[in-house]
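Asker: Heads up: the sequence shown is residues 1 to 451, going by UniProt numbering. Even glycine gets a Cβ: it sits at the ideal position worked out from N, Cα and C. Predicted model, so just to flag it, every value in this text is computed and none were measured.
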Amino acid sequence: MKCAVVLAAGKGTRMKSSLNKVMHPVMNKPMIGHIISSLKKSNVDRIVVVVGHGAESVKEYLGDEVEYALQEPQLGTGHAVMQAKALEGIEGETIILCGDGPLIQPETIQAAFEANKGNACTVLTSVLEEGLHYGRIVRDAQGAVKKIVEAKDCSEEELKITEINTGIFCFDNQKLFAGLKEIRNDNAQNEYYLTDLVEILNKKGERVNAMIVKDRDETMGVNDRVDLANAARWLKRHINEKHMRNGVTIVDPENTYIDVDVEIGADTIIYPNVHIQGNSVIGSNVEILPNSFLRNAVIEDDVVIDSSKIVESKVGANATVGPMSHLRNHTEIAANCRIGNFVEFKNSYFGEGSKCAHLTYIGDSDFGKKINVGCGVVTVNYDGKNKYRTTVKDGAFIGSNCNLIAPVTIGENVLLAAGSTITDSVEDGDMGIARMRQSIKKGFGTAYKNK
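#1: Have a look at ILE264 and THR320 and give me their C-alpha separation to the nearest angstrom.
#2: Along the alpha helix (DSSP H) that carries GLU344, what are the first and last residues, could you check?
#3: Is it true that the stretch 31-47 meets the stretch 241-248, where meeting means three or more beta-carbon pairs spaced less than 8 Å apart?
#4: Since VAL260 contacts LYS29 with CB under 8 Å, what's their CB separation in whole angstroms?
#5: In its own chain, which residues sit with a C-beta less than 6 Å from the C-beta of LYS175, not counting the 5 before and 5 after it?
#6: Assign ASP186 to one of two classes, buried (16 or more other C-beta atoms within 10 Å of its C-beta) or exposed (fewer than that).
#7: Report yes if the C-beta distance between THR122 and CYS170 is below 8 Å; otherwise report no.
#8: Beta carbon of LYS314, beta carbon of ILE339: below 8 Å?
#9: Please state whether the Cβ-Cβ distance between GLU158 and ARG136 is less than 8 Å.
#10: Out of VAL198, ARG237, HIS330 and ALA406, point me to the one whose CA is closest to ASN296's CA.
#11: Suppose the cutoff is 8 Å on Cβ atoms and the five residues either side in sequence are ignored; what does the same chain contact list for residue 452 look like?
#12: Looking at VAL26: is its Cβ nearer than 8 Å to the Cβ of LEU180?
#13: If ILE250 and ILE270 are in contact, beta carbons under 8 Å, what's the gap, nearest whole angstrom?
#14: For LEU87 and LEU124, I'd like the C-alpha separation in whole angstroms.
#15: Compute the beta-carbon to beta-carbon distance between CYS3 and ILE90, rounded to the nearest angstrom, for a pair I have assumed lies under 8 Å.
#16: Does HIS133 pass the burial test, meaning 16 or more other C-beta atoms within 10 Å, or should it be called exposed?
#17: Would you mind working out which of THR268, LYS85 and VAL414 sits nearest ASN318, comparing C-alpha positions?
#18: Out of GLY376, LEU128 and GLU412, which one is the CA nearest neighbour of GLY351?
#19: Quick check on LEU128: buried or exposed, where buried means 16 or more other Cβ atoms within 10 Å of its Cβ?
#20: For ALA151, which beta-bridge partners are listed by DSSP?
#21: In three-state DSSP terms, what is ASP172?
#22: Between LYS355 and the rest of its own chain, which residues show a CB-CB distance below 6 Å, the 5 nearest in sequence each way excluded?
#23: For the 8 Å Cβ check, are there 3 or more pairs between the stretch 197-207 and the stretch 92-110?
#24: What is the rounded straight-line gap between the Cα of GLY205 and the Cα of LYS146?
#25: Taking 6 Å as the limit between beta carbons, can you name the residues of its chain near ASN376, skipping five residues before and five after?
#26: Locate the alpha helix (DSSP H) running through ASN230, then write down its first and last residues.
#27: Pick out whichever of ILE398, ILE405, VAL303 and GLY395 has its Cα sitting closest to the Cα of ARG389.
#28: At the level of alpha carbons, what is the spacing between ILE433 and SER420?
#29: Alpha carbon to alpha carbon, how far is ILE32 from ILE168?
#30: Any idea if LEU19 is buried or exposed, counting beta-carbon neighbours within 10 angstroms, 16 or more meaning buried?
#31: Report the option in THR166, VAL311, PHE177 and GLY316 whose CA atom is closest to the CA atom of SER280.
#32: Take HIS79 and list the residues in its own chain whose beta-carbon comes closer than 6 Å to its own, dropping the five residues that flank it on each side.
#33: Report buried or exposed for ASP424, applying the criterion of at least 16 other Cβ atoms within 10 angstroms of its Cβ.
#34: Determine the closest residue to SER307 out of ASP428, ASP301, ALA447 and ASN291, with distance taken between C-alpha atoms.
#35: On the three-state DSSP scale, how would you describe VAL377?
#36: List the endpoints of the continuous beta strand (DSSP E) containing THR219.
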């Protein structure tokens, strides 16, 4: 069985925030969420998250996706793993990750499980030009890990070692929990260190392996807002490169922001300053022009989006949206539609081949096929207490500056005269007009100016 323990009990003082450290977002997803996603993609069977400070926010976010163990008080990394006693006795491997390391990839987790076969422990390491403040990996002549020495405790020779501890370990699960019982807290901090297990296992004659992670940034820990920005920068580059290798053109990757769970089809072109968030799904041959924002949007093939915002909404194939349009709250635009300048849709359906080109608000409405909506049309859906729906059937023509006072139904092939305020339903094939006749007062304009 494959198990995982995620250490997420720390306070994160250096973040200077009331928000739990592991709940800080990297590319719009909490750090802990990235780690759990990578574990699930690695087919880990059981995941225990060790919580402490801000436990409720972590539990609320992750729900029943994982198991929880409480570390209170926090007495070191070894003590944290001890709290995952629900895993004790299980045959298999357990990987231990820090909750502030959001960049770990599924491929690396899978490689760690493979590397630990036949070993009691595998330490994931990285090679730096300078070891800095990280613990050094001391190997024996055969390449096995002999011990991990914290920087402050290193000899002059040990400080020259450039292979460092990333804080990620993979253990034989039964040997892990047997070794935890031998960890002592006889140190300056009176804490139980997980790294002590390396020496304990060596004394038992067990083999401790090391696996070097090629991209050292993948094991980056986030301790403050600078680290948070650096992690986001790495993840943005990683995501954008993945899409480009899959056939997506990103004109300016440095200024394009795509969340990790977004899907994009081949031959789509994305221009600078585009943000695509959440679980958005973008089809093939889509063109997303500068300054567009999409969150949890579904965009079918051959769509053009021009400087527009689409949230929790769907756009059908071969439609155009924008510039400066806003689709929100479960709007669906069907295929071959045209949504133009400064148009807002909210919680509405717009049927195939319909057009809405300028300065319009459509809210809580159901529009059929091949409808033309003129400039300045408003569906008046709210009376101060309740919201009501508007229905417009196939082939209707809504003239400019019409107000549709909901609830109201406009029938098939209806013509609504420009400037009308429609309060009553209009039957199929009829014309609706609701405005006063124009009157002209001769000479009044000149007389008014000369007053």
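Answerer: Reading it off the structure:
#1: Looking at the two C-alpha atoms, the distance is approximately 18 Å.
#2: Not the alpha helix (DSSP H): GLU344 falls in the beta strand (DSSP E), residues 338-346.
#3: Verdict: no, contact absent.
#4: 6 Å between Cβ atoms; contact.
#5: Here the set comprises ALA120.
#6: With fewer than 16 Cβ atoms within 10 Å of its Cβ, ASP186 is classed as exposed.
#7: The Cβ-Cβ distance between THR122 and CYS170 falls below 8 Å.
#8: Against a cut-off of 8 Å, the Cβ pair of ILE339 and LYS314 comes out as no contact.
#9: Closer than 8 Å, so yes.
#10: The alpha carbon of ASN296 has as its nearest neighbour, out of VAL198, ARG237, HIS330 and ALA406, the alpha carbon of HIS330.
#11: In the structure as shown, the chain starts at 1 and stops at 451, and residue 452 therefore has no counterpart that could be examined.
#12: No, Cβ-Cβ distance for VAL26 and LEU180 is not below 8 Å.
#13: The C-beta distance from ILE250 to ILE270 rounds to 5 Å, short enough to fall under 8 Å.
#14: Each residue's alpha carbon lies about 21 Å from the other.
#15: Yes, they are in contact, since the Cβ atoms of CYS3 and ILE90 sit about 6 Å apart, within 8 Å.
#16: Here HIS133 is exposed, its C-beta having fewer than 16 other C-beta atoms within 10 Å.
#17: Ranked by Cα distance from ASN318, the options THR268, LYS85 and VAL414 are led by THR268.
#18: Ranked by how close their Cα comes to the Cα of GLY351, the residues GLY376, LEU128 and GLU412 have GLU412 in first place.
#19: LEU128 comes out exposed.
#20: Answer is none; ALA151 lacks a bridge partner.
#21: DSSP places ASP172 in strand when its eight states are reduced to three.
#22: Closer than 6 Å at Cβ, skipping near neighbours: ARG338 and ASN372.
#23: No contact exists between the stretch 197-207 and the stretch 92-110.
#24: If you take the alpha carbons of GLY205 and LYS146, they lie about 11 Å apart.
#25: Checking the displayed sequence, the identity of residue 376 turns out to be Gly instead of Asn. Taken in chain order, the residues that qualify are LEU359, SER400 and ASN401.
#26: It spans 225-245 - the alpha helix (DSSP H) in which ASN230 sits, taken as one unbroken run.
#27: Cα-wise, what sits closest to ARG389 is ILE405.
#28: The straight-line gap from Cα to Cα measures roughly 5 Å.
#29: Looking at the two C-alpha atoms, the distance is approximately 15 Å.
#30: Residue burial annotation: LEU19 is exposed, with fewer than 16 other C-beta atoms found within 10 angstroms of its C-beta.
#31: It is VAL311 whose Cα lies nearest to the Cα of SER280.
#32: The residues are TYR192.
#33: Counting the other Cβ atoms within 10 Å of the Cβ of ASP424 gives fewer than 16, which makes it exposed.
#34: Closest option to SER307, Cα to Cα, is ASN291.
#35: Under the three-state reduction of DSSP output, VAL377 falls in the coil class, being neither helix nor strand.
#36: First-last for THR219: undefined, no H or E at that position.
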